[in-house]
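*Asks:* Below is one structure. I have some questions about it.
2 protein chains.
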Amino acid sequence: MKLQPKSMPIDVSNLKTICSTCSLHELCLPAELSQSELDLFDRVFDRRRPVKRGDYLYRAGSALHSLFAIRAGFVKSSVMHEDGREQVAGFHMAGDLLGLDGISTSQHTCDTVALEDSEMCEIPFMSLEKLSREIPSLQHHFHRMMSREIVRDHGVMLLLGSMRAEERLAAFLLSLSQRFAARGYSPTEFHLRMTREEVGSYLGLKLETISRVLSRFQEEGLIEVRNKYIKIIKLEDLRELASQRGCST
Amino acid sequence: MKLQPKSMPIDVSNLKTICSTCSLHELCLPAELSQSELDLFDRVFDRRRPVKRGDYLYRAGSALHSLFAIRAGFVKSSVMHEDGREQVAGFHMAGDLLGLDGISTSQHTCDTVALEDSEMCEIPFMSLEKLSREIPSLQHHFHRMMSREIVRDHGVMLLLGSMRAEERLAAFLLSLSQRFAARGYSPTEFHLRMTREEVGSYLGLKLETISRVLSRFQEEGLIEVRNKYIKIIKLEDLRELASQRGCST
DNA sequence: CGCGCTGTTGAAACTTGTCAAAGTTTGTGG
DNA sequence: CCACAAACTTTGACAAGTTTCAACAGCGCG
Numbered sequence: 019m020k021l022q023p024k025s026m027p028i029d030v031s032n033l034k035t036i037c038s039t040c041s042l043h044e045l046c047l048p049a050e051l052s053q054s055e056l057d058l059f060d061r062v063f064d065r066r067r068p069v070k071r072g073d074y075l076y077r078a079g080s081a082l083h084s085l086f087a088i089r090a091g092f093v094k095s096s097v098m099h100e101d102g103r104e105q106v107a108g109f110h111m112a113g114d115l116l117g118l119d120g121i122s123t124s125q126h127t128c129d130t131v132a133l134e135d136s137e138m139c140e141i142p143f144m145s146l147e148k149l150s151r152e153i154p155s156l157q158h159h160f161h162r163m164m165s166r167e168i169v170r171d172h173g174v175m176l177l178l179g180s181m182r183a184e185e186r187l188a189a190f191l192l193s194l195s196q197r198f199a200a201r202g203y204s205p206t207e208f209h210l211r212m213t214r215e216e217v218g219s220y221l222g223l224k225l226e227t228i229s230r231v232l233s234r235f236q237e238e239g240l241i242e243v244r245n246k247y248i249k250i251i252k253l254e255d256l257r258e259l260a261s262q263r264g265c266s267t
Numbered sequence: 019m020k021l022q023p024k025s026m027p028i029d030v031s032n033l034k035t036i037c038s039t040c041s042l043h044e045l046c047l048p049a050e051l052s053q054s055e056l057d058l059f060d061r062v063f064d065r066r067r068p069v070k071r072g073d074y075l076y077r078a079g080s081a082l083h084s085l086f087a088i089r090a091g092f093v094k095s096s097v098m099h100e101d102g103r104e105q106v107a108g109f110h111m112a113g114d115l116l117g118l119d120g121i122s123t124s125q126h127t128c129d130t131v132a133l134e135d136s137e138m139c140e141i142p143f144m145s146l147e148k149l150s151r152e153i154p155s156l157q158h159h160f161h162r163m164m165s166r167e168i169v170r171d172h173g174v175m176l177l178l179g180s181m182r183a184e185e186r187l188a189a190f191l192l193s194l195s196q197r198f199a200a201r202g203y204s205p206t207e208f209h210l211r212m213t214r215e216e217v218g219s220y221l222g223l224k225l226e227t228i229s230r231v232l233s234r235f236q237e238e239g240l241i242e243v244r245n246k247y248i249k250i251i252k253l254e255d256l257r258e259l260a261s262q263r264g265c266s267t
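So the protein lines, in turn, are chains A and B.
The first sequence runs 19 to 267 under this note's numbering.
The second sequence runs 19 to 267 under this note's numbering.
Right under this line is the structure:
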């Protein structure tokens with residue numbers, strides 16, 4: 019049995035940096051730009067930055083300089099309690115835009131760390147604002163991405179506020195499945211990049227509960243679990259469990 | 019004993035519509051604009067719209083036309099489950115900007131309804147985008163307001179994900195207190211505009227739990243409760259209960 | 001090859017939800 | 001302006017779901 023998901027459809031090492039050739043540009047900030055706009059965009063944002071597992075993109079309290087678009091990899095952002103407890107605020111993958119929390123006060127309010135070796139496009143925020151004054155479709159798309167973040171957060175609030183453990187985990191798995199699918203990976207087989215504890219933090223549950231519910235799902239034949247490997251067997255049943263109450267990780 | 023909070027510091031009936039004379043413009047979208055920019059802003063956005071208690075500003079699924087800045091009043095927004103359950107996503111008061119969720123897909127994703135007679139400034143979104151291309155400080159302030167919404171949502175996620183009922187309610191009361199104070203009302207005496215059920219929905223708790231915790235707070239002398247009237251007696255103790263884990267309603 | 005981190009599982013404790021009943025306030029129509 | 005109905009709130013007893021504590025197993029990195 020094959021335990022690894024399909025190999026990555028993007029060969030990072032061969033990619034040119036610029037957006038116009040990036041296979042993500044449909045998902046990412048320059049979506050909807052015309053070729054000439056894209057060229058302009060490229061001229062302004064040509065920074066590419068690899069980050070290793072465990073590297074922080076930014077930390078709560080640090081000044082906002084740039085937003086980061088994920089070119090490849092997997093990232094977690096979390097807010098800290100004063101007492102040291104961590105609440106995971108989101109998991110992010112290729113095409114997602116990070117750092118929006120920092121615009122409000124020009125200081126980041128959460129920590130963002132790579133859960134696997136990743137590659138970012140760094141987008142100086144001042145430049146983005148300037149350029150988006152010149153390119154209306156860029157401006158609009160940026161607004162949509164911020165708004166999408168708000169909608170996503172509402173989904174999480176819904177999940178945390180009114181779903182039981184099983185429902186939360188089902189919604190979480192479905193959300194991952196959809197997001198992987200949108201990026202060309204298998205929607206039914208994938209590796210979790212995060213620990214049970216991080217999943218639990220995100221879903222407002224303890225790691226033991228995550229472990230138990232995953233085991234129960236497996237007993238019921240909904241999924242197959244082996245460590246971080248997940249195979250979704252009965253997608254429809256999972257969907258029913260989550261009651262379609264959309265959550266978008 | 020006086021059970022009513024101070025009368026409103028803003029006499030709505032005497033206000034002119036335009037932002038330049040609005041006592042909220044420090045809190046609201048045109049914050050940071052110069053006088054000439056403000057005049058320009060006024061020329062574009064002079065719509066003022068009263069809404070009665072129970073009126074919807076917009077509903078999930080409806081097209082985004084305008085954002086709404088609250089001039090006066092109190093508003094609730096909520097997302098609906100398919101099964102009919104409601105999750106309150108936020109409570110909003112004077113100076114808050116509503117409708118940001120609709121930018122993502124040009125369709126609103128939540129319902130927004132007035133909890134008391136209120137007055138809105140309607141801001142056509144297309145015009146806002148256009149104007150913010152011309153006025154960088156407006157553009158930047160708009161971005162900050164969207165970002166603030168994201169930060170606020172993270173605070174709620176933290177609250178829902180890792181605080182117990184008492185902590186959640188303490189944080190909620192403190193947040194209301196701060197927001198009233200910022201608008202010139204008493205930070206220690208106010209009327210809740212929403213029902214226990216709505217508070218519960220927002221905090222991920224049942225209405226009975228809200229009622230019980232409020233009673234317990236009263237027994238412990240932290241607050242005085244009479245129906246919707248709340249008087250905070252031991253602000254510091256409440257703060258400690260909430261562990262300062264900031265939530266911004 | 002072993003130590004540490006991660007994950008699994010069980011039993012007991014705790015928090016919150018559910019159900020039910022009664023009291024209170026608010027709004028409406030006469 | 002009163003009366004009644006509807007909506008909201010409080011409180012208790014009990015049930016359910018989740019966490020806590022603890023022990024142990026497995027995997028992976030050095």
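Glycine residues also receive a C-beta, built at the ideal position from the N, C-alpha and C atoms.
1) Among the candidates A:C128, A:K148, A:E216, whose CA atom is the shortest distance from the CA of G173 (chain B)?
2) Please classify G120 (chain B): does DSSP put it in a helix, a strand, or coil?
3) Do L191 (chain A) and I228 (chain A) have their C-beta atoms closer together than 8 Å?
4) Whose CA, out of A:K224, A:E50, A:P142, A:M181, lies closest to the CA of E100 (chain B)?
5) For M26 (chain A), count neighbouring Cβ atoms within 10 angstroms of its own Cβ and tell me buried if that reaches 16, exposed if not.
6) When the Cα atoms are used, what is the spatial distance from A90 (chain B) to E44 (chain B)?
7) Taking A78 (chain A) and V106 (chain A) to be in contact with their CB atoms under 8 Å, please state how far apart those CB atoms are, rounded to whole angstroms.
8) According to DSSP, is L85 (chain A) part of a helix, a strand, or is it coil?
9) Residues of chain B with CB under 7 Å from Q157 (chain A), in chain order?
10) Where do the ends of the alpha helix (DSSP H) carrying I228 (chain B) lie?
11) Does any residue of chain B have a CB that is nearer than 8 Å to the CB of I141 (chain A)?
12) Quick one, which of A:S155, A:G108, A:N245, A:S54 has its alpha-carbon nearest L47 (chain A)'s?
13) Any chance you could list the beta strand (DSSP E) runs of at least 3 consecutive residues sitting entirely within the stretch 125-168 of chain B, in chain order?
14) Less than 8 Å between C-beta atoms, sequence neighbours within five positions excluded: which residues of the same chain meet that for S195 (chain B)?
15) Is the CB of I228 (chain A) under 8 Å away from at least one CB in chain B?
16) How would you list, in chain order, the residues of chain B whose beta-carbon sits under 8 Å from the beta-carbon of Q125 (chain A)?
17) Looking at chain B, is there any beta carbon in it that lies within less than 8 Å of the beta carbon of K249 (chain A)?
18) From the beta carbon of S180 (chain B), is the nearest beta carbon of chain A less than 8 Å away?
19) Where does H172 (chain B) sit, in a helix, a strand or coil, going by DSSP?
20) With the cut-off set at 8 Å, would you say S122 (chain A) and R162 (chain B) are in Cβ contact?
21) Looking only at its chain, what residues have a beta carbon closer than 7 Å to the beta carbon of L240 (chain A), apart from the 5 residues adjacent to it on each side?
22) So that I know if they touch, is there some Cβ in chain A lying closer than 8 Å to that of Q196 (chain B)?
23) Could you name the residues of the same chain whose beta carbon sits closer than 6 Å to that of L118 (chain A), not counting the 5 residues immediately before and after it, in chain order?
24) Between R244 (chain A) and chain B, is any beta-carbon pair separated by less than 8 Å?
25) Leaving aside the five residues before and after A188 (chain B) along the sequence, list all residues of the same chain whose C-beta is less than 7 Å from its C-beta, in chain order.
26) Decide if Q53 (chain A) is buried, meaning its Cβ has at least 16 other Cβ atoms within 10 Å, or exposed.
27) P48 (chain B) CB to nearest chain A CB: under 8 Å?
28) Strictly by DSSP, which residues pair up with S95 (chain B)?
29) With a threshold of 7 Å on Cβ separation, who are the neighbours of F235 (chain A) within its own chain once the five nearest residues in sequence on each side are excluded?
30) Return the residue from the list A:R197, A:C139, A:T130 that minimises the CA-CA distance to C14 (chain A).
31) At the 8 Å Cβ level, is E184 (chain A) part of the contact set with chain B, yes or no?
32) Excluding sequence positions up to five away, which residues of its chain have a Cβ less than 7 Å from the Cβ of K246 (chain A)?
33) In the structure shown, what three-state DSSP assignment does F208 (chain B) receive?
*Replies:* With the given structure in hand:
1) In this structure, A:C128 is the residue among A:C128, A:K148, A:E216 with its C-alpha nearest to the C-alpha of G173 (chain B).
2) Look at G120 (chain B) here: in three-state DSSP terms it is helix.
3) No; because the gap between Cβ atoms is not below 8 Å, this pair is not in contact.
4) The residue with the shortest Cα to Cα distance from E100 (chain B) is A:M181.
5) Any reading at M26 (chain A) must be qualified, since the residue scores a pLDDT of 43, below 50, and its modelled position is unreliable; no value is offered.
6) Taking the straight line from one Cα to the other gives about 14 Å.
7) Approximately 13 Å separates the beta-carbon atoms of A78 (chain A) and V106 (chain A); this is outside 8 Å, ruling out the contact.
8) If DSSP states are grouped into helix, strand and coil, L85 (chain A) belongs with the strands.
9) Those are E147, R151, listed as they occur along chain B.
10) First-last of the alpha helix (DSSP H) with I228 (chain B): 225-237.
11) Not one chain B Cβ lies under 8 Å of I141 (chain A).
12) Nearest option by C-alpha distance: A:S155.
13) Qualifying beta strand (DSSP E) stretches, in chain order: 129-132, 136-142.
14) Excluding sequence neighbours, S195 (chain B) sits near P205, T206, F208, I250, L253.
15) No, I228 (chain A) lies away from the interface with chain B (no Cβ there is under 8 Å from its Cβ).
16) Neighbours of Q125 (chain A) on chain B: none; closest Cβ ~10 Å, over 8 Å.
17) No, K249 (chain A) does not count as interfacial toward chain B.
18) At a cut-off of 8 Å, the C-beta of S180 (chain B) has a neighbouring C-beta in chain A.
19) DSSP places H172 (chain B) in the helix class (H, G or I) of the three-state scheme.
20) Yes; because the gap between Cβ atoms is below 8 Å, this pair is in contact.
21) Result list for L240 (chain A): I251, K252, D255, L256, in chain order.
22) No - not a single Cβ of chain A is within 8 Å of the one on Q196 (chain B).
23) Cβ neighbours of L118 (chain A) beyond the five flanking positions: M164, E167.
24) Among the residues facing chain B, R244 (chain A) is not included, as its CB has no counterpart in that chain under 8 Å away.
25) Closer than 7 Å at the Cβ level, and outside the excluded window around A188 (chain B), lie L256, L259, A260.
26) Exposed.
27) The beta carbon of P48 (chain B) sits no closer than 8 Å to any beta carbon of chain A.
28) Per DSSP, the beta-bridge partners of S95 (chain B) are B:G108, B:T130.
29) The residues are I241.
30) Nothing about residue 14 (chain A) can be read from this structure; chain A reaches only from 19 to 267.
31) With respect to chain B, the C-beta atom of E184 (chain A) has no partner C-beta closer than 8 Å.
32) These residues qualify, in order along the chain: H209, L210.
33) If DSSP states are grouped into helix, strand and coil, F208 (chain B) belongs with the strands.
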